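Asks: In the order they appear, the protein sequences are chains A and B. Quick note, the first sequence lines up with residues 1 to 153 if you use the UniProt record's numbering. Quick note, the second sequence lines up with residues 1 to 153 if you use the UniProt record's numbering. Pasting a structure below so you can have a look.
There are 2 protein chains.
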Amino acid sequence: MCQTLSVRDDLQDLPVLLLSAARALVDGIDTGVRARGFTDLRPAHGFAFVRLSGTGATVGELAEHLEITKQAASQMADELVNKGYVERRPHPSDARARLLVLTAKGVACTRAADAAAEETLRPWAEALPAGQLAALRAALLRLATPGRIRPTW
Amino acid sequence: MCQTLSVRDDLQDLPVLLLSAARALVDGIDTGVRARGFTDLRPAHGFAFVRLSGTGATVGELAEHLEITKQAASQMADELVNKGYVERRPHPSDARARLLVLTAKGVACTRAADAAAEETLRPWAEALPAGQLAALRAALLRLATPGRIRPTW
DNA sequence: CAGATTTAGTCAAGTAGGTTGACTAGATAG
DNA sequence: CTATCTAGTCAACCTACTTGACTAAATCTG
Chain A
1 MCQTLSVRDD LQDLPVLLLS AARALVDGID TGVRARGFTD LRPAHGFAFV RLSGTGATVG
61 ELAEHLEITK QAASQMADEL VNKGYVERRP HPSDARARLL VLTAKGVACT RAADAAAEET
121 LRPWAEALPA GQLAALRAAL LRLATPGRIR PTW
Chain B
1 MCQTLSVRDD LQDLPVLLLS AARALVDGID TGVRARGFTD LRPAHGFAFV RLSGTGATVG
61 ELAEHLEITK QAASQMADEL VNKGYVERRP HPSDARARLL VLTAKGVACT RAADAAAEET
121 LRPWAEALPA GQLAALRAAL LRLATPGRIR PTW
C-alpha cells in the first residue's frame, strides 16, 4: 500500500514532465535545424518529412499520417514544393495520384534534423546511469501509440 | 566505443518515441475528460487550467505561461468565462488587472483531468519493473525545460 | 505632488493553417 | 460499357492566433 502511494505520487506530475520533455526536444531540434541554415521551416514540417523520407508518399497518405484533410496536406505540399524541399512526380501505377518525394535539399534537411536531435539528446542520454536509456526507450514504447506523432492540441 | 554505438542507436528513434508517448497521454486525458462530461473543452484549455488552478492568474500571466499574446489569452479567458469554468474578479492589489479564477465547475474539471491522467498512466506505470517509474521521472526531469509545457508546433 | 512613462487589459483588423463542399480525371467493379 | 469509387484540386469559410492602436491605472522622476 505504501508502494501504491508512491506510484501514485510519482504519477502525479508525470504528465507535465512528459510534455515538458517533448517540448524541450522539439525546441532543440528546431533550433538545431535553423542553425544549420533551414530557417524557412517550422517543427510542423518535420512531421511531414518523417512520412515523405524513404519512398515518398501521396497527398492522401500524407494527410492520413498528419491526421489532417487532403486539402490541407495538399496545401502544405505546395509550400514545401515552392521552398524546394519536395517534388511532385507522376505516380508509377496510378495516373490520378502524384508521388511526393524529397529533393536533395529535403534529404539534406532531414539529415540536419537527425543531427540536431542527436545533439539535443546526447548530453542528456550520457548523463543517465548505464542502461537507463534502453529502459527509458522500452517504457516509452509501451505508452506510445504507434504512428501517432503529431500533437493535435 | 561499442557502448557509444549502442547509445547512438537508442537515441535514433527516441524523438519519435517521446512525441508519440506525449501524444498518447494527451489523447488519453482528453478522452477521459470528455467521458466525465466536459465535452466543450480541448486539450489546449488544459494548459490554461494548469496555470489558473490554485491562486489564479492575471491575463498577462496566463499569456506568459501559454507563450501567446495577451490578446489571445484574453480571448481564451472570455471563452472559458462564457462556458462557466472561469471567473474574472477584481485584482486585490491592482485596479488595472483582473484575477482569473476557476469556478467550482473549473475545479471539478481539473479533478476530472487528474483522474483521467491517472487512469491513462496507472496501468502503464504498473507494468514497469520496480523502481523504473522513479528513474523515468528523474530522466524526464533532466530533459524538461521547467514551465514550458505547451507545444507550439 | 505633478507630469512623464510604464503596465494591464481590451478593441479592431489582418493572417495562417486548418475546415467543409463541389468538382474533374482516372481507376475499378458489375 | 456503364456505374461507382477514389486521388487530387479549387473555392469559400472558420478559428486561433497575430500586430497595432488605444484607455485607465500604477509607478517613476525631478
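A virtual CB, placed ideally from N, CA and C, is assigned to each residue, including glycine. This structure is a prediction, so every number in the text was calculated from the model and none was measured.
Is the distance from the Cβ of residue 24 of chain A to the Cβ of residue 145 of chain B below 8 Å?
Replies: Their beta carbons are under 8 Å apart, which means residue 24 of chain A touches residue 145 of chain B by this criterion.
Asks: Using a Cβ-Cβ distance under 8 Å, would residue 145 of chain B count as near chain A?
Replies: Residue 145 of chain B counts as touching chain A.
Asks: Does any C-beta atom of chain B lie closer than 8 Å to the C-beta of residue 66 of chain A?
Replies: Chain B, which has no Cβ nearer than 8 Å to the Cβ of residue 66 of chain A, makes this no.
Asks: Would you list, in chain order, the members of the region 90-106 of chain A that have their beta-carbon closer than 7 Å to a beta-carbon of chain B?
Replies: Answer in chain order: no residues at all.
Asks: If you drop the 5 nearest sequence neighbours on each side, which residues of the same chain put their C-beta closer than 8 Å to that of residue 147 of chain B?
Replies: Hits under 8 Å: 65.
Asks: Under 8 Å between the Cβ atoms of residue 101 of chain A and residue 87 of chain A?
Replies: It is a contact, given that the beta carbons lie within the stated cut-off.
Asks: Could you list which residues in chain A have their beta carbon closer than 9 Å to that of residue 21 of chain B, in chain order?
Replies: Within chain A, the residues near residue 21 of chain B are 18, 22, 139, 140, 141, 142, 143, 144, 145.
Asks: So what's residue 22 of chain A in DSSP terms, helix, strand or just coil?
Replies: Reduced to three states, the DSSP call for residue 22 of chain A is helix.
Asks: List, in order along the chain, the chain B residues whose C-beta lies closer than 7 Å to that of residue 132 of chain A?
Replies: Result: 135, 139.
Asks: Hey, is residue 127 of chain A's beta-carbon within less than 8 Å of any beta-carbon in chain B?
Replies: Yes, because at least one Cβ of chain B sits closer than 8 Å to the Cβ of residue 127 of chain A.
Asks: Check the C-beta distance from residue 50 of chain B over to residue 112 of chain B and give it rounded, since I have them as a contact under 8 Å.
Replies: 14 Å between Cβ atoms; not a contact.
Asks: For my contact list, residue 134 of chain B and residue 94 of chain A are in at a C-beta cut-off of 8 Å; report their separation, rounded to the angstrom.
Replies: With a Cβ gap of about 52 Å, residue 134 of chain B and residue 94 of chain A do not count as contacting.
Asks: Measure the alpha-carbon distance for residue 1 of chain A versus residue 103 of chain B and round it to whole angstroms.
Replies: Any reading at residue 1 of chain A needs caution, since the residue's pLDDT is 49, under 50, leaving its predicted position unreliable; the model's value is listed next. In a straight line, the C-alpha of residue 1 of chain A is about 34 Å away from that of residue 103 of chain B.
Asks: From residue 105 of chain A to residue 84 of chain A, what distance separates their C-alpha atoms?
Replies: Answer to the nearest angstrom: the Cα atoms are 7 Å apart.
Asks: Could you give the first and the last residue of the continuous beta strand (DSSP E) run that contains residue 90 of chain A?
Replies: Residue 90 of chain A -> beta strand (DSSP E) spans 86-90.
Asks: So what does DSSP say about residue 1 of chain A, is it helix, strand or coil?
Replies: Reliability of the predicted coordinates at residue 1 of chain A is poor, the pLDDT of 49 falling under 50, and the value obtained from them is presented with this limitation in mind. The answer is coil: DSSP assigns residue 1 of chain A none of H, G, I, E or B.
Asks: Checking contacts by CB at 8 Å: is residue 26 of chain A closer than that to chain B?
Replies: Taking Cβ atoms only, chain B reaches closer than 8 Å to residue 26 of chain A, which makes this a yes.
Asks: Hey, is residue 44 of chain A's beta-carbon within less than 8 Å of any beta-carbon in chain B?
Replies: Output row for residue 44 of chain A: interface = yes.
Asks: Tell me the residue span of the alpha helix (DSSP H) that contains residue 100 of chain B.
Replies: No alpha helix (DSSP H) contains residue 100 of chain B, which is instead part of the beta strand (DSSP E) from 98-102.
Asks: Measure the Cβ-Cβ separation of residue 132 of chain A and residue 139 of chain B and say whether it is below 8 Å.
Replies: A contact, by the Cβ cut-off of 8 Å.
Asks: CB residue 130 of chain A to CB residue 143 of chain B, shorter than 8 Å?
Replies: No.
Asks: Kindly indicate which three-state DSSP category residue 57 of chain A falls into: helix, strand or coil?
Replies: Three-state DSSP puts residue 57 of chain A in a strand.
Asks: Where does residue 40 of chain B land, buried or exposed, given buried means 16+ other C-beta within 10 angstroms?
Replies: When all chains shown are included, residue 40 of chain B counts as exposed.
Asks: Identify, in the order they occur along the chain, each residue of the same chain with its Cβ nearer than 8 Å to the Cβ of residue 57 of chain A, setting aside the five sequence neighbours on each side.
Replies: Hits under 8 Å: 51, 65, 99, 100.
Asks: Output the boundary residues of the alpha helix (DSSP H) element that contains residue 70 of chain B.
Replies: 70-82 is the span of the alpha helix (DSSP H), which, as asked, contains residue 70 of chain B.
Asks: Straight-line CA distance for residue 225 of chain B to residue 46 of chain A?
Replies: Residue 225 of chain B falls outside the range modelled here, since chain B spans only 1 to 153, and no answer is possible.
Asks: Under a Cβ-count criterion, where at least 16 other Cβ atoms within 10 Å of its own Cβ denotes burial, should residue 163 of chain B be classed as buried or exposed?
Replies: This structure cannot speak to residue 163 of chain B, because chain B is shown only from 1 to 153.
Asks: Do residue 120 of chain A and residue 53 of chain A count as a contact pair if the criterion is CB distance below 8 Å?
Replies: Contact flag unset, no.
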